[in-house]
Amino acid sequence: MKPLDDMNAARRLEIEHAIDAMKTTAENLLKVAASLSGLIPDKVGSETAEAIVKEASFDLVKEQNKLFGRLS
Numbered sequence: 618m619k620p621l622d623d624m625n626a627a628r629r630l631e632i633e634h635a636i637d638a639m640k641t642t643a644e645n646l647l648k649v650a651a652s653l654s655g656l657i658p659d660k661v662g663s664e665t666a667e668a669i670v671k672e673a674s675f676d677l678v679k680e681q682n683k684l685f686g687r688l689s
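So this is what it looks like as structure tokens:
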């Protein structure tokens with residue numbers, strides 16, 4: 618049985634919205650990375666942009682882990 622099956626409808630909806638928000642954030646991070654790589658042609662700027670995107674990605678993963686920890 619999936620953990621979501623055991624939850625009440627309101628809680629399930631809250632979690633589904635959180636998952637959708639994380640998916641949207643991940644998609645936006647990819648778009649930002651693509652934009653920054655084209656907008657910042659020099660090596661230092663590109664490395665800075667890459668570091669910013671990686672940090673945001675790690676933050677997203679932390680939030681996902683918190684959410685999935687609640688599900689188990």
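The sequence shown lines up with residues 618 to 689 when you count with my numbering.
C-beta atoms are modelled at their ideal positions from N, C-alpha and C, and glycine is treated no differently.
Query raised in the report: What separation, rounded to the nearest whole angstrom, lies between the Cα atoms of L677 and E644?
Result: Working through the sequence shown from its first residue, we reach residue 677 at position 60. Working through the sequence shown from its first residue, we reach residue 644 at position 27. Roughly 11 Å between the two C-alpha positions.
Query - Helix, strand or coil at M618 according to DSSP, with G and I counted as helix - result: Indexing the sequence shown from 1 puts residue 618 at position 1. In this prediction, M618 has a pLDDT of 47, which is less than 50 and means its spatial position is unreliable; nothing more can be read from the coordinates.
**Report entry** For N625, the three-state DSSP class (helix, strand or coil)
**Finding:** Indexing the sequence shown from 1 puts residue 625 at position 8. The answer is coil: DSSP assigns N625 none of H, G, I, E or B.
Query raised in the report: Nearest to G686 by alpha carbon, out of A626, A627, I636, N625?
Result: Taking the sequence shown and counting its residues from 1, the one referred to as residue 686 is at position 69. Nearest C-alpha to G686: I636.
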